[in-house]
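Below: the structure, in structure tokens.
Number of protein chains: 2
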Amino acid sequence: MSKPVTLKHLAKLLKISVSTVNAALHDRSDISSATKRRVLQKARELNYRPNLVARSLVTRRTQVLGVLVPDLTRSFFAEVIKGIEQVASAANYYLLLCNTGEDPKREDVELEALLSKQVDGLIVASAHPPGSPLVRKRLSQTGVPFVLVDRFFPNAHFVGGDDAKIGYIATRHLLQQGYRRIAHLRGPKVSTAIGRLQGYQKAIREAGVRVRDDYIVEAPYHEESGGLEGMRKLLRVSPQPDAVFAASDPIAIGALEAIIKMGLRVPGEIGVVGVGNHRYGQYLRVPLSTVDQDRLTIGMRATSLLLELIEGKQLQKPRVVLVNPKLVPRSSSSRSFAPAESPSPDVSSRLDKETASRQTATLAQS
Amino acid sequence: MSKPVTLKHLAKLLKISVSTVNAALHDRSDISSATKRRVLQKARELNYRPNLVARSLVTRRTQVLGVLVPDLTRSFFAEVIKGIEQVASAANYYLLLCNTGEDPKREDVELEALLSKQVDGLIVASAHPPGSPLVRKRLSQTGVPFVLVDRFFPNAHFVGGDDAKIGYIATRHLLQQGYRRIAHLRGPKVSTAIGRLQGYQKAIREAGVRVRDDYIVEAPYHEESGGLEGMRKLLRVSPQPDAVFAASDPIAIGALEAIIKMGLRVPGEIGVVGVGNHRYGQYLRVPLSTVDQDRLTIGMRATSLLLELIEGKQLQKPRVVLVNPKLVPRSSSSRSFAPAESPSPDVSSRLDKETASRQTATLAQS
DNA sequence: CTGTTAGCGCGTTCAA
DNA sequence: TTGAACGCGCTAACAG
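What follows is the structure in structure tokens.
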């Protein structure tokens, strides 16, 4: 429990100056290799460990990124954080992590704290409602580089999924499978849910089907119970939907429960598609068709961008990176092929092939 | 992008000294309310934000806890971290989070970095093998308070599940359900898997059944594929097991797949119990019986303990907190009652009741 | 009540 | 090639 070893201690013991010790430890060229060895030797012997707080005070760099997310137990954010961590740690950055619990006020407080802690940059999945002056009123004037993830706000760098496309390819897939009365269990009022809804509407319209408002029901993103209730509502609508595009896998799972408890068959009587490609989607009662968002990539690209900004890169316009989604068809929506893990190519329709080529588009667009 | 406002700036503008400004901002009693108001007003006006790096340098406190986990995308660790975060943030502590990827070398490196960053305490789920001198050789001599979670090592404060009990109640449950040839898909060589194995063996022996080595097969904790392969091996053993206690839910899920693909019925021909109470266990092809570990509590208690240590609490002996596990019976092991979510009390045997009373034991023992 | 002084541990001048 | 001096922004003595 003795006091931590400092440069000063080393200097005194070696009877040289602090700055020489420091130079030696930094392997600077203008130090004789003799003293270098002596210093290194002594440092190791006493288990010297540089105080990065002190260093940060003078360098004005902490090598720490602040990360604000609504809930790190959701597999989506956990994966994104993992992606962030991978890129950050490779560049010798560390993460100061905050859970905001979807509470904008708490987010604001945590943000202040992270700034006080002098983080070098921020990655934020904001709990603020769309239209909030988050960027203009808060983040921009901090002077600290930041990148938004998942939840989009205008006039800022953003990395996330292409939500409109997610909604579009999910819905289009259901159409291809022959479903016509396609309902949508939408998410709450955040940009992702709005984008997915728009994609859904576009696909429906393109197919020449009318968008019915009573086919659109809102559910919380992360609670299966919400999906279950929402689906119950949908099943009471007349005419009854023959498919549902759920804005998340948890919603889809709740919907599956409702449908099965109602005695209807999936995918025979009702088709279901979710979003997120949850690890256990394939092991459910009915293996769940879904749209993969490549969450790791979202985290990685956000971090690469942030690091560039920290290194001083100037960008004229906010960069918006949309990571390309990918349909993962499984049994829950597969009228046209057996409920195997992957469809055999020879049963896919022309529409299927079109979609396939779409999917080979660039990973991300800027 | 102007320079951040400092105490000095405020002092100059208000034509008073830095220490007065500081005292005013800290609301110390020996400052006239007049100057207090002036200072507060100016600070708000210029959006003054204290530099906590500088403060830490002098107070020798960072209000940051270092957290080292093998993989934050596993739902177990994600939940534990959430528990940590809740307690920490309530006490105004922040988390510096590191993923070690189950690599002991990386863990060592990250540990050094966290110490250099002057964290006030550490919570570690170590990737070191059991028997490694982790505590004696590394953590203890850092001088920084630390608490181990999940993976047990001797001579250190520890908070985790009661793994022996987990193995015991899972296996005993299978015995109660009438299964007799109970196999075990054990986890890798870490303390949790060893404890669960021991609990399994104890229950088997108590039932007067011989422990068969060929009924014990190892699988990675977090890969369903491992559970699947392991189960295939078990199904080739003669006589074929009629039940399996899997050391984790992912292993159990893989096992379920193997069993179902083999054309056997669960729970009729083979019973399955996992560990972890994964969120989606109830939605699987066969709703999965499991043992709940109360992961949030593990994180919370570890953090409370760590904060006490940081506040200077002295403990003679290492404290070992074992959070009490709870059986969550579902269809996959339920020969004796209908595959409903919860068993009706009148069908439970005398053995059941015994177990129930066990479960109401204290939440945690020290 | 307020100001002065002296560090915290390190990096960065500039002299020697 | 090395050392002395200063400052990063803040806190904590002590003096006035």
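Going line by line, the protein sequences match chains A and B. Residues 10 to 375 (our numbering) make up the first sequence, in order. Residues 10 to 375 (our numbering) make up the second sequence, in order. C-beta atoms are modelled at their ideal positions from N, C-alpha and C, and glycine is treated no differently. Fair warning: this is a prediction, and the values are worked out from it, not measured in the lab.
Distance, residue j Cα to residue i Cα
i      : j      : result
A:P338 : B:Q95  : 38 Å
B:V220 : A:A134 : 51 Å
B:E320 : A:E227 : 47 Å
A:V218 : A:G208 : 14 Å
B:P348 : B:A264 : Low confidence applies to B:P348: its pLDDT is 39, below 50, so where it sits in the model is not reliable, and the reading given next is rough at best. The straight-line gap from Cα to Cα measures roughly 19 Å.
A:R328 : A:L318 : 11 Å
B:A87  : B:S342 : 27 Å
A:I269 : A:D117 : 42 Å
A:C89  : B:F85  : Looking at the sequence shown, residue 89 of chain A is not Cys but Val. One C-alpha to the other measures close to 17 Å.
A:L106 : A:E215 : 43 Å
B:L273 : B:K126 : 55 Å
B:K211 : B:V67  : 54 Å
A:S340 : B:A261 : 22 Å
B:T312 : B:G170 : 15 Å
B:R310 : B:Q302 : 13 Å
B:H193 : B:S298 : 15 Å
B:L77  : A:K21  : 35 Å
B:L104 : A:K17  : 30 Å
B:E121 : B:L131 : 11 Å
B:S28  : B:R47  : 14 Å
B:A52  : B:T15  : 9 Å
A:L8   : A:D112 : Residue 8 of chain A is absent from the model: chain A starts at 10 and stops at 375.
B:F161 : B:I40  : 51 Å
B:G239 : B:A256 : 12 Å
B:L23  : B:N333 : 59 Å
A:D258 : A:D159 : 16 Å
Proximity to residue i [Cα-Cα], best of the options
i      : options                        : result
B:R344 : B:S65, B:L305, B:R189          : B:R189
B:Q325 : B:G290, B:A165, B:L66          : B:A165
A:A3   : A:Q185, A:T201, A:S38          : The structure shown does not extend to residue 3 of chain A, since chain A is modelled only from 10 to 375, so the question has no answer here.
A:L232 : A:Q302, A:E266, A:L120         : The amino acid at residue 232 of chain A is misidentified as Leu; the sequence shows Glu. Selected option, being the one with the closest Cα: A:E266.
B:F254 : B:V284, B:E238, B:V275         : B:V284
B:T71  : B:N101, B:N56, B:K51, B:R53    : B:N101
B:G236 : B:L336, B:G110, B:G196         : B:G196
A:G204 : A:S234, A:D172, A:K198         : A:D172
A:V128 : A:R147, A:R83, A:S65, A:P79    : A:S65
A:A97  : A:L305, A:P334, A:Y177, A:L124 : A:L305
A:E278 : A:V295, A:V14, A:N56           : A:V295
A:P13  : B:P142, B:L314, B:T151         : B:T151
B:V282 : B:K335, B:R245, B:N108         : B:K335
B:G187 : B:R83, B:N286, B:P276          : B:P276
B:F167 : B:K322, B:K174, B:L315         : B:L315
Coil, strand or helix - residue i by DSSP
i      : result
A:V89  : helix
B:D301 : strand
A:N108 : strand
B:G140 : coil
B:P100 : Checking the sequence shown, residue 100 of chain B turns out to be Ala, not Pro. The answer is coil: DSSP assigns B:A100 none of H, G, I, E or B.
B:V282 : strand
B:G236 : helix
A:V30  : helix
B:L273 : coil
A:G169 : strand
A:L81  : coil
B:L293 : strand
A:H182 : helix
Where the beta strand (DSSP E) through residue i begins and ends
i      : result
B:H193 : 191 to 195
B:I132 : 130 to 133
A:V329 : 329 to 332
B:L123 : No beta strand (DSSP E) contains B:L123, which is instead part of the alpha helix (DSSP H) from 113 to 125.
B:K335 : 335 to 337
Continuous alpha helix (DSSP H) stretch holding residue i: start and end
i      : result
B:L19  : 16 to 23
B:K270 : 258 to 270
B:V48  : 42 to 54
B:L77  : Run containing B:L77: none in the alpha helix (DSSP H); it sits in the beta strand (DSSP E), 73 to 78.
B:V253 : Per DSSP, B:V253 belongs to no alpha helix (DSSP H); it is in the beta strand (DSSP E), 252 to 255.
A:T68  : 61 to 68
Heavy atom of the ligand ZN within 7 Å of residue i beta-carbon
i     : result
A:P13 : Inclusion of the ligand ZN in the displayed structure is not the case, the ligand content being empty and no account of it being possible.
(request) Please list the segments of the alpha helix (DSSP H) lying wholly inside the segment 196 to 233 of chain B, counting only runs of 4 or more residues, in order along the chain. (result) The qualifying runs are 200 to 215.
(request) At 3 residues or longer, and completely inside the segment 141 to 167 of chain B: list those beta strand (DSSP E) runs for me, N to C. (result) Here the runs fully enclosed are 155 to 158.
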